[in-house]
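Enquirer:
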Amino acid sequence: MDCLFCKIIAGEIPSSKVYENEYVYAFRDIAPQAPVHVLIVPKMHLSSADEINGENSVYVAKIFEAVPEIAKAEGLAEGYRVITNCGKHACQSVSHLHFHVLGGKQLEGQMG
Ligand code: AMP
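At position 11 of the sequence shown (counting the first as 1) the number is 754 in the numbering used here, and the numbers step up by one without a gap.
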């Protein structure tokens with residue numbers, strides 16, 4: 744499958760890893776939007792949040808279990824934002840489910 748994040752998980756494309764376990768891989772965004780900008784992805788290929796279901800939601804649970812560990816390791820005690828973009832209207836640019844963890848400064852406004 745020609746998927747950028749699958750290739751990153753497989754080590755075929757370099758990344759700056761910050762966390763990994765059996766289900767989850769996390770690495771620094773190549774174009775950070777905040778002092779800390781980490782992407783957390785499931786090791787199973789899911790194209791977006793729209794493909795989450797009862798068969799695969801363990802991957803999402805594992806991602807959210809990793810969030811506070813990553814936040815702590817990155818020094819985000821003052822808070823952070825976790826978002827996922829799903830599909831065209833949300834400007835999703837990589838078709839492998841991923842959650843952005845943003846922090847390290849006062850983020851602007853509110854989402855939505
Ligand atoms: P989204 O627009 O929500 O689909 O987010 C995709 C993110 O992937 C963007 O923030 C990109 O900067 C990031 N990105 C694209 N290619 C790479 C890469 N090779 N390594 C790390 N992050 C990447």
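Cβ atoms here follow ideal geometry from the backbone N, Cα and C, with glycine treated the same way.
Could you tell me if His-839 is buried or exposed, where buried requires 16 or more neighbouring beta carbons within 10 angstroms of its beta carbon?
Expert: So His-839 counts as buried.
Enquirer: Got a sec, what are the start and stop residues for the beta strand (DSSP E) Val-781 sits in?
Expert: 779 to 785 is the extent of the beta strand (DSSP E) around Val-781.
Enquirer: Can you tell me whether Glu-817 is buried or exposed, with buried defined as 16 or more other CB within 10 angstroms of its CB?
Expert: It is buried - the Cβ of Glu-817 has at least 16 other Cβ atoms within 10 Å.
Enquirer: Could you tell me which whole beta strand (DSSP E) segments of length 3 or greater appear in the region 746 to 801?
Expert: DSSP runs (the beta strand (DSSP E)) wholly in the region 746 to 801: 760 to 763, 767 to 771, 779 to 785.
Enquirer: For His-860, which three-state DSSP category applies?
Expert: Coverage of the chain is limited to positions 744 through 855, which leaves residue 860 absent and any answer about it impossible.
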